[in-house]
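Visitor: So that we are looking at the same thing, I have put the structure below in structure tokens.
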Amino acid sequence: MTSASKRTSVIWYGGDYNPEQWPEEIWDEDVRLMQQGGISLVSLGIFSWAKLEPREGEFDFGWLDRIVEKLHASGVRIDLATATASPPPWLSHNYPEVLPVTGDGVRLQVGSRQQYCPSSPVFRRLAARLVGKLAERYGHHPALELWHVGNEYGCHVSHCYCSVSADAFRDWLRARYTTIDELNASWGTAFWSQQYQSFDEVFPPSTAPTFRNPGQLLDFDRFSSDELLECYRNEVAVLRAATPDIPITTNFMGFFDRAADYWKWAKEVDVVSDDSYPDPSDPDSASLAAMTRDLMRSLRGGQPWLLMEQAPSAVNWRSINAAKRPGQMRALSYQAVARGADGILFFQWRQSVVGSEKFHSGMVPHAGTNSRVWREIEQLGAELSALGDLAGTRVEASVAIVLDWDSWWSLKQGALPAQLSYLDAVQSWYRELWRRTVTVDFVPSTGDLSAYSLVIVPSLFVASADALANLAEYAESGGNLVATYQTGITDERTHITAGGYLGRLQATLGVWVEEFAPFSGPAGQPTPSGVLRGLPSGPADATIWAEYIHAPDAEVIATFGPGALDGWPAITRRAHGDGAAWYVGTQLTGSGLRDLLDRVLGEAAVVGVLATPVDGVEAVRRAGRLFLISHRDDLVTVDGVALEGRGVHIGES
Ligand code: GAL
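Quick note, the sequence shown lines up with residues 247 to 899 if you use the working numbering.
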């Protein structure tokens, strides 16, 4: 497996395998087709708790033994699930308090999946017992390659508001604040008469008459991430004790904006794995998928990762589920490999014939093997088996984008200057860099920036003093820093930054922000945008955001155009040695974004993989290989290479 210490010589290929949904006669055909399809790894039994422990304390491993042996005999390695992602009905029947409660007070019921309160000691005890049995029985099986803990933590139940969660939240707050006075000070409870006399008075921020306390909301997001992580740790502890040499993962969900701070989580997995479901009909999804791949690679400092799930073709959970076009699955798979993945896996092996996912594509579709989907699966399996020398190798990037979950969570709260999309802000920068074939890493706000020629900081709304100092020191020591609007607005307690917005960065950037003035228009009308003046290509759009910026110690590169802010600075630059600290007080788009990046990338001496990028074709280098991946429908020539629609070319670089 691709843990930090080990290099394998295989790009894993496979998918979720749920044999419990099928009569055993099918299993022989499954393993035969797996061999035919080049399958090397399957994630086994993710939702099989009810079958493994049909009644509390009664275990049945017979069926799992049989399929494990079949897989082993056919050379397929196993990513064995801990099977705790969907508790069986007996569990909540025997212990109803395990069922989670929403912020509106609704108790979620059985009949779906993930119906457990993350703080439930009963759930954790029963999960750990099952994991112990699995570790004891299969921990030393020669086919075991990897442990797959839970499944997509927080996907359906990211926050629970039940009384067990409320108690756990109080314990978490006690550990964080020690005294209730500290909590009151941190949450600013003097506002609206919210002072607490004891921790017992504190509750999770359930539905309330109007805006809830921002500190309470942010702490509840942090708590919820930590509680889910505790569930994961609860199982990991059992596995580590039993099988210290078997690597452990749990599948992440890309840019997941609910309760999971993946910077924190990634420290606890041996290998990052990700589930990725870009919308096949969205032309923007190729860049969003690329961005996700780059995040996954970045979460453990560049360590190779696994694409744990993707759809062979359509999903079943959008209102209309587009099929992937011929070649699209292959192009997106190569995109993952090019961006550091050491494995390409799918949800799921065989398309279900029953249950709520029967219209979700499978590697073996309802139509069987005489199908486009199967032929593409087989083809990719054969191709990836020839790329084993890439396993364990890394991808270099000289540009980083700062990504921060506290800021993301905070920007989703109400009662803000404007309802902004953090993801859109991040993606606006990423997309333009991707278009230019510039490879990007993501970094946390307090991460080591020294390896990067350029660091972009989109709307780092919540910034600790350490984070601001980290960014300031990077720029002051000659790095190229671009910080945008809504950065350094609050500290980690949600208090307005001491010394004013941007805090320590004011001096680095040479600017300060007097007042926010986001663009707005009459309700129901399109939001107006503004004009930027001073950029080389002429007037450009300023969208979403504007603000009154003073630039006492910076060069003004662009100003706002006609309107209330006419002539006020919009983009500024302050030189620091060979580098510079830039401030961008609006959401750039189109020529404004391109002009700025032309200059900033030029100054930072950052070049794309291709000197002349072509729209819809991405280019990435991994370990001496140049990947050209077309997301276009038509034939296109790039650097002398002809690429069919959604074609892939791998050359030497
Ligand atoms: C994932 C999940 C899988 C399957 C898939 C369908 O979120 O982990 O079990 O439900 O979605 O797209």
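Ideal Cβ positions, reconstructed from N, Cα and C, are used throughout, including at glycine. In this text, all values refer to a predicted model and were calculated from it rather than measured experimentally.
What number of angstroms, rounded off, separates the C-alpha of HIS822 from the C-alpha of PRO764?
Guide: Their Cα atoms are separated by approximately 30 Å.
Visitor: Rounded to a whole number of angstroms, what is the C-alpha to C-alpha distance between ARG539 and ALA628?
Guide: Straight-line Cα distance between these residues: approximately 22 Å.
Visitor: Is ASP521 near the ligand GAL, going by C-beta to nearest heavy atom under 7 Å?
Guide: It does: the Cβ of ASP521 is within 7 Å (strictly closer) of some heavy atom of the ligand GAL.
Visitor: Restricting to runs no shorter than 4 residues, where is the alpha helix (DSSP H) found entirely within the region 628-691?
Guide: Complete alpha helix (DSSP H) runs here, min 4: 651-658 and 668-681.
Visitor: Hey, ARG564 and TRP551: beta-carbon distance below 8 Å or not?
Guide: No, they are not a contact pair.
Visitor: Return the bridge partner residues of HIS895 from the DSSP annotation.
Guide: LEU874.
Visitor: State the DSSP-derived secondary structure class of GLY461, mapped to helix, strand or coil.
Guide: Helix, per DSSP.
Visitor: Just verifying my parser: in three-state terms, what is the DSSP assignment at MET280?
Guide: If DSSP states are grouped into helix, strand and coil, MET280 belongs with the helices.
Visitor: Starting from the C-beta of ARG868, find all residues in its chain whose C-beta is less than 8 Å away, skip the five residues before and the five after it, and write them out in chain order.
Guide: Cβ neighbours of ARG868 beyond the five flanking positions: VAL583, ALA584, ARG585, GLY586, LEU636, THR639, ARG640 and VAL641.
Visitor: Below 7 Å, is the gap between the Cβ of GLU447 and the nearest heavy atom of the ligand GAL?
Guide: For the ligand GAL, not one heavy atom lies less than 7 Å from the Cβ of GLU447.
Visitor: Could you tell me whether the Cβ atoms of SER759 and TYR747 are closer together than 8 Å?
Guide: Strictly speaking, residue 759 in this sequence is Val, with Ser absent from that position. Against a cut-off of 8 Å, the Cβ pair of TYR747 and VAL759 comes out as a contact.
Visitor: In terms of residue numbering, what span does the alpha helix (DSSP H) encompassing PRO367 cover?
Guide: PRO367 -> alpha helix (DSSP H) spans 367-384.
Visitor: Between ALA296, ARG819, PRO460 and TYR263, which has its C-alpha nearest SER286's C-alpha?
Guide: The candidate whose alpha carbon is nearest that of SER286 is TYR263.
Visitor: Decide if the region 413-426 is in contact with the region 346-361; the criterion is three or more beta carbon pairs, one per stretch, under 8 Å apart.
Guide: Contact between the region 413-426 and the region 346-361 is absent, because fewer than three Cβ pairs lie under 8 Å.
Visitor: Given ARG892, which residues of its chain have a CB within under 6 Å of its CB, disregarding the five upstream and five downstream residues?
Guide: Hits under 6 Å: GLY573, GLN574, ALA577 and SER876.
Visitor: Along the alpha helix (DSSP H) that carries MET542, what are the first and last residues, could you check?
Guide: Residues 531-545.
Visitor: Would the beta-carbon of ASN567 be found less than 7 Å away from any heavy atom of the ligand GAL?
Guide: Flag unset: Cβ of ASN567 not near the ligand GAL.
Visitor: Would THR743 pass as a contact of LEU706 if the rule is Cβ separation under 8 Å?
Guide: Against a cut-off of 8 Å, the Cβ pair of LEU706 and THR743 comes out as no contact.
Visitor: In its own chain, which residues sit with a C-beta less than 7 Å from the C-beta of ARG353, not counting the 5 before and 5 after it?
Guide: Counting only Cβ-Cβ distances below 7 Å, and skipping sequence neighbours, we find LEU345 and VAL347.
Visitor: Taking the straight line between their C-alpha atoms, what separation do you get for SER251 and THR424?
Guide: Residue placement at SER251 cannot be trusted, given a pLDDT of 40 that sits under 50; the coordinates are not used to answer.
Visitor: For CYS406 and PRO364, which I take to be in contact (beta-carbon distance under 8 Å), what is that distance rounded to the nearest angstrom?
Guide: Their Cβ separation, rounded to whole angstroms, is 6 Å, which keeps CYS406 and PRO364 in contact under 8 Å.
Visitor: Using a threshold of 7 Å, is the CB atom of GLU266 nearer than that to any non-hydrogen atom of the ligand GAL?
Guide: Checking the Cβ of GLU266 against the ligand GAL gives no.
Visitor: Per DSSP, which residues does HIS394 bridge with? Please list them.
Guide: Beta-bridge pairing links HIS394 to ALA327 and THR495.
Visitor: Consider the C-beta atom of CYS401 and the heavy atoms of the ligand GAL; say whether any pair is separated by less than 7 Å.
Guide: Yes, the ligand GAL has a heavy atom inside 7 Å of this Cβ.
Visitor: Considering Cα atoms alone, identify which of LYS570, TYR508, ASP521 and ALA536 is closest to ARG546.
Guide: Ranking the options by Cα distance to ARG546, first place goes to TYR508.
Visitor: Give a yes or no on whether the C-beta atoms belonging to TYR580 and PHE293 are separated by under 8 Å.
Guide: Not a contact, by the Cβ cut-off of 8 Å.
Visitor: State yes or no: is the beta carbon of ASN397 nearer than 8 Å to at least one beta carbon in chain D?
Guide: Given the protein chain composition of this structure (a single chain), no chain D is represented.
Visitor: Rounded C-beta distance between LYS316 and TRP268? I'm assuming under 8 Å.
Guide: Not quite, the Cβ-Cβ distance comes to about 12 Å (not below 8 Å), so this is no contact.
Visitor: Are LEU955 and ALA850 close, meaning C-beta to C-beta below 8 Å?
Guide: Nothing about residue 955 can be reported from this structure: the residues present for the chain run from 247 to 899 only.
Visitor: Taking the alpha-carbon of LEU633 as reference, which of ASN716, VAL600 and GLY589 has the nearest alpha-carbon?
Guide: Cα-wise, what sits closest to LEU633 is GLY589.
Visitor: Between VAL884 and PRO859, what straight-line distance do the alpha-carbon atoms span, to the nearest angstrom?
Guide: When rounded, the distance between both Cα atoms is 8 Å.
Visitor: Hey, could you find the ends of the alpha helix (DSSP H) THR754 is sitting in?
Guide: That run of the alpha helix (DSSP H) goes 751-755.
Visitor: Roughly how many angstroms lie between the CA atoms of ARG422 and ALA505, to the nearest whole one?
Guide: C-alpha separation (whole angstroms): 18 Å.
Visitor: Just to confirm my understanding: we take GLN625, look at its own chain, exclude 5 residues before and 5 after, and list those with CB closer than 8 Å. What are they?
Guide: So the qualifying residues of the chain are ARG576.
Visitor: Per the DSSP calculation, PHE592 is bridged to which residue(s)?
Guide: DSSP output for PHE592 lists GLY261 as bridge partner(s).
Visitor: The beta strand (DSSP E) with PRO815 in it runs from where to where?
Guide: Residues 815-822.
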